[in-house]
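Residue numbers (numbering that gives the first Met the number 0): 0 to 111. Cβ atoms here follow ideal geometry from the backbone N, Cα and C, with glycine treated the same way. Predicted, not measured: the structure shown is a model, and the values here were computed from it.
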Amino acid sequence: MIIVLIVLGLLILFGIFTYNRLVTLRLAWTRASADIDVQLKQRHDLVPNLVETVKGYAAHESGVFTQVAAARSAAMRANTVAEKSAAETALTGALGSLFAVAEAYPQLRASE
0 MIIVLIVLGL LILFGIFTYN RLVTLRLAWT RASADIDVQL KQRHDLVPNL
50 VETVKGYAAH ESGVFTQVAA ARSAAMRANT VAEKSAAETA LTGALGSLFA
100 VAEAYPQLRA SE
């Protein structure tokens, strides 16, 4: 009888510890997800400044600016993880094109 109570007590303790660990992991995941969302929002907020800086030197590259704006809008509208991933991939590609345009204009300086 005592052995059964000990085993039952150990099972209850195991269940409590497992539950607490799962709650801790869920909170860590929620916090990490929120941190990612903050970083993505900061990235999205910086894109218009970058576009305006380059636009002054490369006004004829309107296709690139349109592509970046569309990718940014899609990234800001994304809700699910899969949508965010796809939208951020598209935004990264569009920003790569914008950086290529910026590199083509050596007179563009960080101080301007």
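Option nearest residue i by Cα separation, candidates the options
| i | options | result |
| --- | --- | --- |
| GLY95 | LEU49, GLN38 and LEU21 | LEU49 |
| ASP44 | MET0, VAL67 and TRP28 | VAL67 |
| VAL80 | LEU24, VAL6, ALA33 and ASN19 | ALA33 |
| ASN78 | GLY8, THR23, LEU39 and LEU4 | LEU39 |
Buried/exposed call for residue i, threshold 16 Cβ in 10 Å
| i | result |
| --- | --- |
| ALA86 | buried |
| ARG76 | exposed |
| VAL63 | buried |
| GLU82 | exposed |
| ALA69 | exposed |
| ALA93 | buried |
| LEU10 | exposed |
| LEU7 | exposed |
| LEU97 | buried |
| GLU119 | Since the first residue shown for the chain is 0 and the last is 111, residue 119 is missing from the structure and cannot be characterised. |
Cβ shell of residue i (< 8 Å), same chain only, five flanking positions each side left out
| i | result |
| --- | --- |
| ALA103 | ALA57 |
| ALA89 | ALA70, ALA73 and ALA74 |
Proximal residues to residue i (C-beta, below 6 Å), its chain only, five neighbours per side dropped
| i | result |
| --- | --- |
| VAL46 | ARG71 |
Other residues of its chain near residue i: CB distance less than 7 Å, five sequence neighbours each side excluded
| i | result |
| --- | --- |
| THR91 | none |
Counting only runs of 4+ residues fully inside the region 58 to 98, write out the alpha helix (DSSP H) ranges in chain order.
61 to 76
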